[in-house]
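J.:
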Amino acid sequence: MADVMVAAIERPAPPKWYRWTVLVIISLAMFGNYYVYDSISPLADVLKAQLGFSDANIGLLNAIYSIPNVFMVLLGGLIIDRIGTRKATLLFGVLCFVGAAVTVASGTLAVMASGRLIFGLGAESLIVAVTTAIAKWFRGKELSFAFGMNLTIARLGSFAALNAPSWAAGAYANWQTPLLISVAMATFCITGAVFYWLIESRAERQYTLAAESTDKVVWRDLFRFGVSYWYVVALCITFYSAIFPFQTFAVKFFIEAHGASREFGGFLSSLLTLFAMICTPLFGLLVDRVGKRSLFMMFGSLLLVPVYLVMAYTSVPLLVPMAVMGIAFSLIPAVMWPSVAYIVDQSKLGTAYGLMTMIQNIGLAGFNLLIGWSNDHWQASAGNPTGYRPGMWMFSMLGLVALFFAFLLRRRETGPHAHGLETITVASSPG
77 MADVMVAAIE RPAPPKWYRW TVLVIISLAM FGNYYVYDSI SPLADVLKAQ
127 LGFSDANIGL LNAIYSIPNV FMVLLGGLII DRIGTRKATL LFGVLCFVGA
177 AVTVASGTLA VMASGRLIFG LGAESLIVAV TTAIAKWFRG KELSFAFGMN
227 LTIARLGSFA ALNAPSWAAG AYANWQTPLL ISVAMATFCI TGAVFYWLIE
277 SRAERQYTLA AESTDKVVWR DLFRFGVSYW YVVALCITFY SAIFPFQTFA
327 VKFFIEAHGA SREFGGFLSS LLTLFAMICT PLFGLLVDRV GKRSLFMMFG
377 SLLLVPVYLV MAYTSVPLLV PMAVMGIAFS LIPAVMWPSV AYIVDQSKLG
427 TAYGLMTMIQ NIGLAGFNLL IGWSNDHWQA SAGNPTGYRP GMWMFSMLGL
477 VALFFAFLLR RRETGPHAHG LETITVASSP G
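In terms of this note's numbering, the sequence shown opens at residue 77 and continues consecutively.
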């Protein structure tokens, strides 16, 4: 028995190549997840033409994804902390696949919304599980860069979905075919989880890994996260509420308000993803080297403020505001998600990410419904493109609110209660 204990103690840490292999494999689950989520946006005008859906109906398909996560993603975080990342990733990956399959089963709003609801039950919790796993493998190392690379692989799914009208143009003759493609992509949610389970199980026999708590979750711990954590959460809900609900209607907006083709509209929307795929790891690498995390979050929030009004009121080429939005969409996530790992104890990280994502989804659900209602109320259409302007004002105001919370975080993290967000770098981190 003593020899076994000594052998366990003397096991080396996983080599760098092993950590990055784990990252790539688990990110495949995110790739499938992101593709399925973004498969609705390029299909919006087809759903309207072939199934008679209104903008409110289309907004519901993405809002109902977020609605169950108002409670489920917190439960998912608690499940992750209780059963571990391997089992949780597989469980949520299966739910993603089932949801994608149900969505394509019928053209009735009730069935499609049910499928998106099932998909939502698994998708956000899957993201929390993957995020927690990456924090486990990379904390104190290249954490922001690792998160950036994970998001690059995940957003490749979004990029593929938003550009599907170009590479799968024939599929859009019918509303169902693009969604069948999304079911095929959802298989990555399961295969990525299975391979992650296998490779981490092998690592446990060969290397010393960070401890993963599977203790009973104490509910009162939810109220013990510090002020900096809640500022990050507030930034999260405002920032993402300005991004994803816009993308829900972006292709339709580009077609009807700016005369773009569906192919070019899909490409414009995918620019957010393209910028994020390239720039998020680079921003993560920069932040790992210099710190200043809350300052970067302030800058990213500021970039969001003018872009919607530029698109609503000017004839500036759409490539310009979408590129600026793409920089913001690259910068904020590269800094925000890894910051939580420095604020919250590892044993509560799943719960912390779950709670953060739960509150984020309140904003996503609310603003998908609000913008859909706004477009319908002001009769936004090709004949009345000014009907989109009230919604664009709402998005711009969200950018201002995000900037305010980033400022409060900056003030907190430069004071006596700082957690090191402004100072921790790869060189200063242990391990």
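We put the CB at the ideal spot given by N, CA and C, even for glycine.
Since we're looking at a predicted model, the values are computed, not measured.
Using beta-carbon positions only, say whether residue 171 and residue 197 come within less than 7 Å of one another.
T.: As a position in the sequence shown, residue 171 is number 95, starting the count at 1. As a position in the sequence shown, residue 197 is number 121, starting the count at 1. For residue 171 and residue 197, yes; Cβs fall inside 7 Å.
J.: Please confirm whether residue 348 and residue 402 have their CB atoms less than 7 Å apart.
T.: In the sequence shown, residue 348 corresponds to position 272, counting from 1. In the sequence shown, residue 402 corresponds to position 326, counting from 1. For residue 348 and residue 402, yes; Cβs fall inside 7 Å.
J.: Can you tell me where the alpha helix (DSSP H) holding residue 103 begins and where it ends?
T.: In the sequence shown, the residue the question calls residue 103 occupies position 27. 92 to 114 is the span of the alpha helix (DSSP H), which, as asked, contains residue 103.
J.: Hey, is the segment 266 to 284 in contact with the segment 375 to 385, meaning 3+ C-beta pairs nearer than 8 Å?
T.: No: the two stretches stay apart, fewer than three of their Cβ pairs being nearer than 8 Å.
J.: Would you tell me roughly how many angstroms separate the C-alpha atoms of residue 98 and residue 210, rounded to the nearest one?
T.: Here the question's residue 98 lines up with position 22 in the sequence shown. Here the question's residue 210 lines up with position 134 in the sequence shown. For residue 98 and residue 210, the distance between alpha carbons rounds to 9 Å.
J.: By Cβ distance below 7 Å, which residues in the same chain neighbour residue 214 in space, the five residues on each side in sequence not counted?
T.: Here the question's residue 214 lines up with position 138 in the sequence shown. Around residue 214: 95, 222.
J.: Which whole-angstrom value is the C-beta distance of residue 321 and residue 447, which I expect to be below 8 Å?
T.: The residue labelled residue 321 in the question sits at position 245 within the sequence shown. The residue labelled residue 447 in the question sits at position 371 within the sequence shown. Yes, they are in contact, since the Cβ atoms of residue 321 and residue 447 sit about 5 Å apart, within 8 Å.
J.: Mapping the DSSP letters down to three states, classify residue 421 as helix, strand or coil.
T.: Within the sequence shown, the letter at position 345 stands for residue 421. DSSP places residue 421 in coil when its eight states are reduced to three.
J.: How many Å lie between residue 338 and residue 241 at the Cα?
T.: As a first step, residue 338 is located in the sequence shown; it is residue number 262 there, counting from the start. As a first step, residue 241 is located in the sequence shown; it is residue number 165 there, counting from the start. Distance between the alpha carbons of residue 338 and residue 241 is about 7 Å.
J.: Run through DSSP, which three-state label would residue 455 get?
T.: Position 379 of the sequence shown holds residue 455. Three-state DSSP puts residue 455 in coil, outside helix and strand.
J.: Quick one: residues in its chain with C-beta nearer than 7 Å to the C-beta of residue 309, no 5 flanking neighbours on either side, listed in chain order?
T.: What you label residue 309 is simply residue 233 of the sequence shown in a count that begins at 1. Once the five neighbours on either side are set aside, the close Cβ partners of residue 309 are 432, 435.
J.: How should residue 245 be labelled, buried or exposed, when 16 other C-beta atoms within 10 angstroms of its C-beta is the threshold for buried?
T.: In the sequence shown, residue 245 corresponds to position 169, counting from 1. Flag for residue 245 reads exposed.
J.: What number of angstroms, rounded off, separates the C-alpha of residue 475 from the C-alpha of residue 416?
T.: Here residue 475 corresponds to residue number 399 of the sequence shown, with the count starting at 1. Here residue 416 corresponds to residue number 340 of the sequence shown, with the count starting at 1. Answer to the nearest angstrom: the Cα atoms are 21 Å apart.
J.: Do residue 119 and residue 264 have their C-beta atoms closer together than 7 Å?
T.: Within the sequence shown, residue 119 is the residue found at index 43, counting from 1. Within the sequence shown, residue 264 is the residue found at index 188, counting from 1. It is not a contact, given that the beta carbons lie outside the stated cut-off.
J.: With contact counted as at least three CB pairs below 8 Å, one residue from each stretch, are the segment 257 to 276 and the segment 162 to 177 in contact?
T.: The segment 257 to 276 vs the segment 162 to 177: in contact.
J.: Taking the alpha helix (DSSP H) that residue 334 falls in, what are its first and last residues?
T.: Residue numbering aside, residue 334 sits at position 258 when the sequence shown is read from its first letter. Where residue 334 is concerned, the enclosing alpha helix (DSSP H) stretches over 303 to 334.
J.: Does DSSP put residue 275 in a helix, a strand or coil?
T.: Here residue 275 refers to the residue found at position 199 when the sequence shown is read from its first residue. Reduced to three states, the DSSP call for residue 275 is helix.
J.: By a C-beta neighbour count over all protein chains shown, 10 Å radius and 16 as the cutoff for buried, is residue 141 buried or exposed?
T.: One-based indexing of the sequence shown puts residue 141 at position 65. Residue 141 comes out buried.
J.: What's the call for residue 111, buried or exposed, on a 16-neighbour Cβ count within 10 Å?
T.: Here residue 111 is taken as the residue at index 35 of the sequence shown, counted from 1. That one is buried.
J.: Measuring alpha carbon to alpha carbon, tell me which residue in 107, 335, 102, 250 is nearest residue 32.
T.: With the chain running from 77 to 507 in the structure shown, residue 32 is simply not present.
J.: Does DSSP put residue 194 in a helix, in a strand, or in coil?
T.: Translated into positions along the sequence shown, residue 194 becomes position 118. Reduced to three states, the DSSP call for residue 194 is helix.
J.: Whose C-beta lies closer than 6 Å to the C-beta of residue 426 among residues of the same chain, with five residues either side of it excluded?
T.: Walking along the sequence shown from the start, residue 426 turns up at place 350. Taken in chain order, the residues that qualify are 153, 156, 157, 208.
J.: Is the Cβ-Cβ distance between residue 328 and residue 114 less than 7 Å?
T.: Here residue 328 corresponds to residue number 252 of the sequence shown, with the count starting at 1. Here residue 114 corresponds to residue number 38 of the sequence shown, with the count starting at 1. Not closer than 7 Å, so no.
J.: Is DSSP giving residue 491 helix, strand or coil here?
T.: The sequence position of residue 491 within the sequence shown is 415, counting from 1. Note: residue 491 maps to coil in three-state DSSP.
J.: Would you decide whether residue 147 is buried or exposed? Buried here means 16 or more other CB atoms lie within 10 Å of its CB.
T.: The count along the sequence shown starts at 1 and reaches residue 147 at position 71. Residue 147 is exposed by the Cβ-count criterion.
J.: Are the Cβ atoms of residue 317 and residue 443 separated by less than 7 Å?
T.: Along the sequence shown, read from residue 1 onward, the residue named residue 317 stands at position 241. Along the sequence shown, read from residue 1 onward, the residue named residue 443 stands at position 367. Against a cut-off of 7 Å, the Cβ pair of residue 443 and residue 317 comes out as a contact.
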